[in-house]
Amino acid sequence: MSNFNVQCIARSARAVSPSSCLLEMPPSTPLVFLDSSSGRGLSAIAFGPDDAVVGRVSPAVSTSEKWPMSNVDPAQELERACQDENWFFDAGIPQIGVGWIGWFSFECGHAYESFPWNAPYPDSWPDYNFGRYRQALVWTPDGRVMLLYAFSDGLPDASADALALFEDVIAKAECGQVDLAPQKQKLNTEKGTTYQDGVKQLRALIAEGELFQGNLSHEMSGKFKGNARELYISLRDEQPTELSCYWEDQSGRSLISHSPESFLSVNGTEIISRPIKGTAHREQDAQLDAKATEQLNANEKEMAELNMIVDMTRNDLGRIATVGQVAVENVGSVVSYPTLHHREAIIRARWLPQTGLAKLIAATFPPASISGAPKVRALQAIAEIEQRSRGAYCGSLGYWLPSASPHGEFSVLIRTACIAKGTLRLAVGAGIVWDSDPQAEWEETLLKGRYLRDE
């Protein structure tokens, strides 16, 4: 067993902006900014991973399945890498910023369910990418910064290098100010009629009784010549969420995520999932905005969408929870963001942590809210209609701290842009049910991309 003792080895003397620190981090250093930009949680910049689990999924050789499953289980690969690790923290240190941090693409679902394969996601993206981060900047509630470092016997002690970087970044960040206007992007999208035809195809399958709901998406794309860190920061204040994230690797790839949706939150024996379904546009007038909230709460179609996903999430968690230990804490309430309102539910479960991360992901991935109901038939239908891989979009990003009482948090990668090889790609989608109006669903997807797309 390898022990990782996480200690605070330095603190800033005063409050420092996370945005300033992100810009001052060395450009050659791979990093992840776990950003509670809403101010309701903790933020951290993990940097310089010393180990990695990276790969792609591909169809296994099979003659018996119409759609063969993956020849590799990404979550199992991650679990193998960290199963002999035990991470523990000195008293008073928040459990964030260090550990195994990364993401699973939507196509990792091929390891767990049988559905059609599409061409690999463009620009040479992997399907999963996790790094082991032993050093991180973590923000305290008063805005000051702690430098965390995980010491481990048998591994090199690079804490002196981490401290030197910390002092350099903090000194520069204290002197600088970040004031970036939103850098919205020119993005091309498919014809609205193409997406609406897909909605009609899903409605036809629903009419035939093959499924109840399917999440249908499309992708916008355009040339990107800017600085990915600056783009993220420019959007940060206008799209604040508890689960925002900026990720980059040594190959120049970046993920910019402003996801509001929690896929899995694990704290020892407890698992919480917060699926989102139902969307309404924010109004500038307070009375009209309150009316929009009331209408969203009373909309039978939106309630039905979320109810189906709640049932799916209960079913998924029930596959690994202890018997009788799955409960719906909140069937749905409105949560508001700067550009839109959503309805969010809360499902809570108890499990035995020794069950392991691989079985937890296998039971629940891809997330119910971006698949449909029933999940397998919905996955098959949307793959056939969309005719493209989703990549990181609709996958999950988060961190995992292995121990006898593990801790982790994974978002659903919606509101997420992928940047590589001079191209920015942003996918958006909507839940389709029998009552869906094709034009309205198309407009909902455009609303979801408005925070980034220059219209």
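According to the numbering used here, the stretch in the sequence shown is residues 5 to 459, in order.
The C-beta atom is built at its ideal place from N, Cα and C for all residues, glycine as well.
Whose C-alpha, out of M312, I97, Y116 and V76, is nearest the C-alpha of L215? Position 211 of the sequence shown holds residue 215. With distances taken between Cα atoms, L215 lies closest to M312.
Roughly how many angstroms lie between the CA atoms of G426 and D77, to the nearest whole one? Along the sequence shown, one-based indexing puts residue 426 at 422. Along the sequence shown, one-based indexing puts residue 77 at 73. Straight-line Cα distance between these residues: approximately 30 angstroms.
How many angstroms separate the CA atom of P124 from the CA atom of G395? Within the sequence shown, the letter at position 120 stands for residue 124. Within the sequence shown, the letter at position 391 stands for residue 395. So the alpha carbons of these two residues sit roughly 8 angstroms apart.
Every unbroken beta strand (DSSP E) within the segment 334-410, with a cutoff of 3 residues, ordered by chain: Contiguous beta strand (DSSP E) elements confined to the segment 334-410 occur at 344-355 and 400-405, taking only those with 3 or more residues.
Does the Cβ of K70 have 16 or more other Cβ atoms within 10 Å, making it buried, or fewer, making it exposed? Against the sequence shown, residue 70 aligns to sequence position 66. The residue in question, K70, is exposed, as its Cβ has fewer than 16 Cβ neighbours within 10 Å.
Mind reading off the beta-carbon distance from R347 to V330? Whole number of angstroms is fine, and I expect it under 8 angstroms. What you label residue 347 is simply residue 343 of the sequence shown in a count that begins at 1. What you label residue 330 is simply residue 326 of the sequence shown in a count that begins at 1. R347 to V330, Cβ: 20 angstroms. No contact.
Give the C-beta separation of I389 and Q205 to the nearest angstrom, bearing in mind that I take them to be a contact with Cβ-Cβ under 8 angstroms. Counted from its first residue, the sequence shown places residue 389 at position 385. Counted from its first residue, the sequence shown places residue 205 at position 201. About 5 angstroms separates the two Cβ atoms, so the contact holds.
How many Å lie between T197 and V36 at the Cα? Residue numbering aside, residue 197 sits at position 193 when the sequence shown is read from its first letter. Residue numbering aside, residue 36 sits at position 32 when the sequence shown is read from its first letter. If I take the Cα positions, the gap works out to 38 angstroms.
Could you tell me which whole alpha helix (DSSP H) segments of length 4 or greater appear in the segment 241-291? Runs found: none.
For W276, the nearest candidate out of I351, G402, R136 and A168 (CA to CA): Here residue 276 refers to the residue found at position 272 of the sequence shown. One detail in the question is off: residue 276 reads as Ile in this sequence, not Trp. Checking every option, the nearest Cα to that of I276 belongs to I351.
Please report the distance separating the alpha-carbon of E83 from that of A421. The residue you call residue 83 lines up with position 79 of the sequence shown. The residue you call residue 421 lines up with position 417 of the sequence shown. About 27 angstroms.
With DSSP run on the structure shown, which of helix, strand or coil describes A17? Translated into the one-based positions of the sequence shown, residue 17 becomes position 13. Coil, per DSSP.
With a threshold of 16 other CB atoms inside 10 Å of the CB of G256, please say whether the residue is buried or exposed. Residue mapping note: residue 256 aligns to position 252 of the sequence shown, counting from 1. Label assigned to G256: exposed.
Between the beta-carbon of S109 and the beta-carbon of G322, is there less than 7 angstroms? Position 105 of the sequence shown, counting from 1, holds the residue named residue 109. Position 318 of the sequence shown, counting from 1, holds the residue named residue 322. Against a cut-off of 7 angstroms, the Cβ pair of G322 and S109 comes out as no contact.
Over the uninterrupted beta strand (DSSP E) stretch that includes I423, give me the two end residues. Counted from its first residue, the sequence shown places residue 423 at position 419. Start and end: T420 to A424.
Buried versus exposed, by CB contacts within 10 Å (16 or more), T460: Summary: the structure shown does not reach residue 460, with the chain confined to residues 5 through 459, and so no result is reported for it.
With a 10 Å radius around its C-beta and 16 neighbouring C-beta atoms as the bar for buried, classify R44 as buried or exposed. Along the sequence shown, read from residue 1 onward, the residue named residue 44 stands at position 40. Looking at its Cβ environment, which holds fewer than 16 other Cβ atoms inside 10 Å, R44 is exposed.
Rounded to the nearest angstrom, what separates C112 and K295 at their Cα positions? By one-based count along the sequence shown, residue 112 stands at place 108. By one-based count along the sequence shown, residue 295 stands at place 291. In a straight line, the C-alpha of C112 is about 40 angstroms away from that of K295.
Let me know if T368 comes out buried or exposed under the rule of 16 or more other beta-carbons within 10 Å of its beta-carbon. Residue 368 sits at position 364 when you count from the first residue of the sequence shown. Residue environment analysis places T368 among the buried positions, since at least 16 neighbouring C-beta atoms fall within 10 angstroms of its C-beta.
Measure the C-alpha to C-alpha separation of H262 and R240 and round it to an integer number of angstroms. Here residue 262 corresponds to residue number 258 of the sequence shown, with the count starting at 1. Here residue 240 corresponds to residue number 236 of the sequence shown, with the count starting at 1. About 8 angstroms.
Nearest neighbour of P371, chosen from R278, G453 and K305 [CA to CA]: Indexing the sequence shown from 1 puts residue 371 at position 367. Cα-wise, what sits closest to P371 is R278.
Are the beta-carbon atoms of N219 and G453 separated by less than 7 angstroms? The sequence position of residue 219 within the sequence shown is 215, counting from 1. The sequence position of residue 453 within the sequence shown is 449, counting from 1. No.
Would you check if the distance between the CB atom of V437 and the CB atom of Q80 is smaller than 7 angstroms? Looking up residue 437 in the sequence shown gives position 433. Looking up residue 80 in the sequence shown gives position 76. Not a contact, by the Cβ cut-off of 7 angstroms.
Which same chain residues, not among the five before or five after V335, have their C-beta less than 8 angstroms away from its C-beta? Translated into the one-based positions of the sequence shown, residue 335 becomes position 331. Closer than 8 angstroms at the Cβ level, and outside the excluded window around V335, lie L310, N311, V314 and A349.
Evaluate A353 with the Cβ neighbour count: other Cβ atoms within 10 Å of its Cβ, from every protein chain shown; 16 or more gives buried, anything less gives exposed. Here residue 353 is taken as the residue at index 349 of the sequence shown, counted from 1. Flag for A353 reads buried.
Look up W446 in the DSSP assignment and say whether it is helix, strand or coil. Counted from its first residue, the sequence shown places residue 446 at position 442. It is helical.
Identity of the residue in G412, T359 and S24 nearest V173 by Cα: Here residue 173 refers to the residue found at position 169 when the sequence shown is read from its first residue. Closest option to V173, Cα to Cα, is S24.
Kindly list the residues whose CB is nearer than 6 angstroms to the CB of Y137, restricted to its own chain and excluding five residues on each side of it in sequence; keep chain order. Within the sequence shown, numbered from 1, the residue matching residue 137 stands at position 133. So the list reads A50, P53, V102 and I105, once near-sequence residues are dropped.
Does the contact criterion of 3 or more C-beta pairs under 8 angstroms hold for the segment 438-457 versus the segment 137-147? Touching, no.
With distances taken between CB atoms, is the gap from N9 to F155 smaller than 7 angstroms? The residue given as residue 9 occupies position 5 in the sequence shown. The residue given as residue 155 occupies position 151 in the sequence shown. Yes.
Any 3 or more C-beta pairs closer than 8 angstroms across the segment 227-243 and the segment 376-384: These segments do not touch.
Measure the beta-carbon distance from S6 to E89 and round it to whole angstroms, keeping in mind my assumption that it falls under 8 angstroms. Counted from its first residue, the sequence shown places residue 6 at position 2. Counted from its first residue, the sequence shown places residue 89 at position 85. The Cβ separation is near 5 angstroms, so the contact holds.
Classify I324 as helix, strand or coil using the three-state DSSP reduction. As a first step, residue 324 must be located in the sequence shown, where it is residue number 320. For I324, the secondary structure class from DSSP, reduced to helix, strand or coil, is coil.
In or out: Q99 buried (at least 16 other Cβ within 10 Å) or exposed? Start at 1 with the first residue of the sequence shown, and residue 99 comes out as number 95. By the neighbour-count rule (16 or more Cβ atoms within 10 Å), Q99 is buried.
Beta-carbon separation (whole angstroms), A284 vs H345, contact threshold 8 angstroms: Taking the first residue of the sequence shown as 1, we reach residue 284 at position 280. Taking the first residue of the sequence shown as 1, we reach residue 345 at position 341. Confirmed, Cβ separation roughly 4 angstroms.
At the level of alpha carbons, what is the spacing between S42 and F267? Along the sequence shown, read from residue 1 onward, the residue named residue 42 stands at position 38. Along the sequence shown, read from residue 1 onward, the residue named residue 267 stands at position 263. C-alpha separation (whole angstroms): 18 angstroms.
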